[in-house]
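Per my numbering, the sequence shown starts with residue 408, numbered consecutively.
Glycine residues also receive a C-beta, built at the ideal position from the N, C-alpha and C atoms.
As structure tokens, the structure follows; a few thoughts come after it.
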Amino acid sequence: MILSRFVKIQLVVFTVVAIIATWMMLFSYMRVQTQLGIGRMSVSLDAPRAGGLYRFANVTYRGVDVGTVSEVHLTDTGVRATLSIDGGARIPADLQADIRSMSAIGEQYVDLRPRTGSAPYLADGAVIRSDDVRLPPPVAPMLEKLNGLVTSIPKDQLSTLVSELDRSLGGQGYDLQNLVKSSSTLASTFNGVGRQSATLIRDAVPLVDSQVTSADAIRLWTSSLDGVTDQLVTNTPQVRKLLADGPGFADEVAATLDSVKLTLPVLLANITSVGQLAVTYNAGLEQILVLLPPAISMIQAVQPNRNGTKWGLGDFRISGISDPPACTVGFLPPDQWRPPEDTSVIDTPSDLYCKLPQSSEIGVRGARNIPCLSNPGKRAPTAAMCNSDQQFTPLATRQPLVGPYPRDPNLQRQTAPAADTTGSDTAGPGVAAPTGANGDRPPVMAAQYNPSDGSYVGADGTRYRQTDLAERPGNWQGMLPR
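Have a look at this one:
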């Protein structure tokens, strides 16, 4: 059979069209290359449940189709979907996979949403963990609850409900539009902080549980609140008077505070210092508050009307005088000592306290042995020394009987005249005792006397010697009682 030229051209055109159509059907519609794995990479997606995902569902990246779901099968921990993705797609491995619905009928697809735009990228054999997969909320329970809500409305009341809805929503289109927009904005905000919201909800569980646990206490509180409200009703006139006079009282308080606004900050600042001092010496203050009441009770018990005997009580001791003696090291020198009858007030240098060693038995309760409450284990006479690395340094290892007295740098710094009593412990030749009063000083004075050599220091700071002030036995028989 001889074919014409026209027929031959038709056959060639038909053959080309058929080949193109077959190619389009195989590679565009049937996607044979996907089945054969040509130019594709296989990525696994783990999820606790399928979420409506099915085979041949689309896989998108930034809204562009990059593959399909080639297989969905069960695993021990949930389901695993195999994604066949275009090998040329550069998809970051740090991503979140969302299973979403394309329509209301439940057509699902996988949306790959990267957290970063840099490497590493997905490769053949990669696995997307279930922690990075977000499933859609199940629709069936929602529809079931919606159906239950609709069926709960009596049919004879449905028309009334529709009428009331029409009456309440009629003409409110603009307000409803704003409400929808605001709800959309609120939902978008919550969507951006989804993880924080989930954490907040999880952390709220202990709070809610505590409310359940304290239900009895809450009931008791509400019952007590009912009593309070009843009392308010009973005292309504007084409450009204309080509310009426309250503004005036508030104005007076405001005026008072305004009048002391310059001095109040200074007072509060000073109270802060006092408070810090009280915090530091809290233990000592507590001891005073504990011991002071019984001490006062003991003192009051001396009075006849404060004890059961109806007699005044007292216990006096005259033995043990000057045993141990009073401390004189660290105080004013002997030439500045005043007689007991001189009770006038004079200015004295600061930091006058016993400066013997802390182990000395003289003045054991003196300032040098005060415990440092701000520095446990340390004892010092001043707060400045307690708060520093400085240790207490005594002026002398022992207290001289009649002199010489050591020089005190503290007195020298404060320009106090030092006694001219320093020198050797050995008494000198001595000076004749004064015959009378010296100047305006009282004629009666007190001084320490050394009976071994008859020396003593006078009120003027001069050392005297008088050996006949104390009688000495001439021999051992004189020491015996007669």
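Report buried or exposed for residue i, applying the criterion of at least 16 other Cβ atoms within 10 angstroms of its Cβ.
| i | result |
| --- | --- |
| Ile535 | buried |
| Val546 | exposed |
| Met448 | buried |
| Tyr468 | buried |
| Ser491 | buried |
| Asp616 | exposed |
| Ala464 | buried |
| Leu650 | exposed |
| Ile560 | exposed |
| Thr678 | For the record, residue 678 in the displayed sequence is Ile; it is not Thr. The residue is exposed, with fewer than 16 neighbouring Cβ atoms inside 10 Å. |
| Leu529 | buried |
| Pro701 | exposed |
| Val419 | exposed |
| Asp539 | buried |
| Ala605 | exposed |
| Gly474 | buried |
| Pro746 | exposed |
| Leu818 | buried |
| Ala787 | buried |
Cα separation between residue i and residue j?
| i | j | result |
| --- | --- | --- |
| Gly900 | Trp628 | Past the boundaries of the shown model lies residue 900; the chain is included only from 408 to 889, so the question cannot be answered. |
| Thr735 | Asn782 | 28 Å |
| Ala840 | Pro731 | Residue confidence for Ala840 is low, a pLDDT of 41 falling below 50, so the modelled location carries little weight; the figure read from the coordinates is stated next. Approximately 28 Å between the Cα atoms of the pair. |
| Trp718 | Leu802 | 49 Å |
| Ile409 | Gln515 | 57 Å |
| Gln743 | Arg870 | 14 Å |
| Leu593 | Asp623 | 37 Å |
| Val752 | Gly770 | 24 Å |
| Gly506 | Arg520 | It should be pointed out that residue 506 corresponds to Ile in this sequence rather than to Gly. Each residue's alpha carbon lies about 11 Å from the other. |
| Phe896 | Trp430 | Residue 896 lies beyond the residue range present for the chain, which begins at 408 and ends at 889; the question has no answer from this structure. |
| Ile400 | Met705 | Only positions 408 to 889 of the chain appear in this structure, which leaves residue 400 out of reach. |
| Met792 | Gln707 | 38 Å |
| Val612 | Leu698 | 51 Å |
| Leu550 | Val557 | 10 Å |
| Asp563 | Asn554 | 17 Å |
| Ala790 | Pro672 | 26 Å |
| Ser631 | Gln603 | 38 Å |
| Asp652 | Arg626 | 35 Å |
| Gly577 | Thr567 | 15 Å |
| Pro807 | Ser729 | 14 Å |
| Met432 | Gly532 | 29 Å |
| Glu478 | Val466 | 12 Å |
| Gln694 | Tyr688 | 10 Å |
| Val587 | Thr620 | 39 Å |
| Pro548 | Asn598 | 21 Å |
| Val681 | Ala690 | 15 Å |
| Gly580 | Leu639 | 46 Å |
| Glu748 | Asp754 | 17 Å |
| Arg647 | Thr670 | 35 Å |
| Phe656 | Asp722 | 58 Å |
| Lys668 | Gln683 | 23 Å |
Could you give the C-beta distance for residue i and residue j, rounded to a whole number, given that I count them as a contact under 8 Å?
| i | j | result |
| --- | --- | --- |
| Gly861 | Gln873 | 5 Å |
| Gly446 | Gly524 | With 8 Å as the limit, Gly446 and Gly524 do not qualify as a contact, their Cβ atoms being about 23 Å apart. |
| Val476 | Arg462 | 6 Å |
| Leu759 | Gly737 | 7 Å |
| Phe799 | Arg814 | No, Phe799 and Arg814 are not in contact; Cβ-Cβ is about 18 Å, not under 8 Å. |
| Arg541 | Gln503 | 6 Å |
| Leu692 | Ala685 | 6 Å |
Considering only the alpha carbon of each residue, which of the options lies closest to residue i?
| i | options | result |
| --- | --- | --- |
| Pro858 | Val809, Leu632 and Glu659 | Val809 |
| Arg805 | Asn712, Cys761 and Arg541 | Cys761 |
| Arg820 | Leu576, Pro756 and Gly682 | Pro756 |
| Leu739 | Arg772, Tyr812, Leu696 and Gly474 | Tyr812 |
| Val471 | Val517, Pro788, Leu572 and Gly601 | Val517 |
| Gly773 | Gly599, Ala733 and Gly578 | Ala733 |
| Gly459 | Gly474, Leu586 and His480 | His480 |
| Tyr863 | Asn817, Pro741, Pro746 and Arg745 | Pro741 |
Can you find a heavy atom of the ligand SAH that lies under 7 Å from the Cβ of residue i?
| i | result |
| --- | --- |
| Val736 | As far as ligands go, the structure on display features none, and thus does not contain the ligand SAH. |
Pairing CB atoms from the stretch 415-429 with CB atoms from the stretch 497-506, are three or more of them under 8 Å?
no
Measuring CB atoms only, is the stretch 426-433 touching the stretch 504-519, in the sense that at least three cross pairs come out at less than 8 Å?
no
Determine, using beta-carbon pairs with one atom in the stretch 661-670 and one in the stretch 765-782, whether at least three such pairs fall under 8 Å.
no
How about the stretch 452-460 and the stretch 481-491: do they share at least three Cβ pairs that are nearer than 8 Å?
yes
At a cut of 8 Å, does the stretch 696-712 reach the stretch 780-796 through at least three beta carbon pairs?
no
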